[in-house]
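Below you'll find the structure, written out as structure tokens, and then a few comments.
Residue numbers (our numbering): 471 to 510.
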């Protein structure tokens with residue numbers, strides 16, 4: 471059975487969660503507007 475580094479796994483999971491929060495933070499709901507194209 472391979473050895474697991476709990477601290478490394480937690481660090482990587484935290485990074486994944488932060489990346490997901492950042493990606494989801496750019497989502498908007500409601501009516502479409504020209505502001506949707508600002509990041510492009």
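Even glycine gets a Cβ: it sits at the ideal position worked out from N, Cα and C.
Is the beta carbon of residue j closer than 9 Å to that of residue i?
i           : j           : result
residue 500 : residue 509 : no
Which value, in whole angstroms, describes the spacing of the CA atoms of residue i and residue j?
i           : j           : result
residue 486 : residue 476 : 15 Å
residue 482 : residue 493 : 17 Å
residue 484 : residue 507 : 29 Å
residue 480 : residue 489 : 14 Å
Just to confirm the assignment, what range does the alpha helix (DSSP H) spanning residue i have?
i           : result
residue 482 : 476 to 495
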